[in-house]
Amino acid sequence: MQGRSYYYSPVGELIIESENEKIITLGFLKGSRQDETRTPVIDQCITELEEYFFQGRKFFSFEIKSKGTEFQIKVWNELLNIPYGKTISYEELAIRVGNIKSIRAVGLANGQNPIAIVVPCHRVIGKSGDLVGYGGGLDKKIWLLQHEGALQEQLSLF
8 MQGRSYYYSP
18 VGELIIESEN
28 EKIITLGFLK
38 GSRQDETRTP
48 VIDQCITELE
58 EYFFQGRKFF
68 SFEIKSKGTE
78 FQIKVWNELL
88 NIPYGKTISY
98 EELAIRVGNI
108 KSIRAVGLAN
118 GQNPIAIVVP
128 CHRVIGKSGD
138 LVGYGGGLDK
148 KIWLLQHEGA
158 LQEQLSLF
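Quick note on our numbering: the sequence shown kicks off at 8 and runs consecutively.
Take a look at the structure:
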């Protein structure tokens, strides 16, 4: 069963899509809304997003399924290992996926992450600490990192 719904968050309106009781899309709404079909996993996702934004939730428990190339999925799975409140560089992410020379490819895969916030692509920053790029916009990346306490930690290093 496929589902679709929307959630208005502190970082803007999000679109949530599910397939077979797994979240396959959690992204920033860029177009117009379509018909909604709520599913139990979408309801759980919205509940957990509410808890993340307003009650201190640090982990998500609903199932996700990322659709992409083998390399993209490898990068997205590695993003799940970045702890709440922490950041890593694109270079570190490339090393973690096994090839330091793949920094650009890692950056592209990071930017194509279909499950924002939950698969925390916002926790990847430039080597020098620069907050470079974010599919939802740099203002949203800054908000998310501040919300998680990662931005203050990052600034205190310099």
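Yeah, the Cβ is synthetic: ideal placement off N, Cα and C, and Gly gets one too.
| Limits of the unbroken beta strand (DSSP E) element including Arg103 | Arg103 -> not in any beta strand (DSSP E); alpha helix (DSSP H) instead, spanning 97-103.
| query | Just checking my contact of Leu158 with His129 at CB under 8 Å: how many whole Å lie between their CB atoms? | reply | Not quite, the Cβ-Cβ distance comes to about 10 Å (not below 8 Å), so this is no contact.
| field | Whole-angstrom distance between Gln9 and Val131, CA atom to CA atom | value | 30 Å
| message | If you reduce the DSSP assignment to three classes, tell me which class Ile71 lands in. | response | strand
| request: Mind checking which residues open and close the alpha helix (DSSP H) that includes Tyr168? | output: Here the chain covers residues 8 to 165 and nothing more, so residue 168 does not appear.
| Secondary structure of Ile124, DSSP reduced to three states | coil
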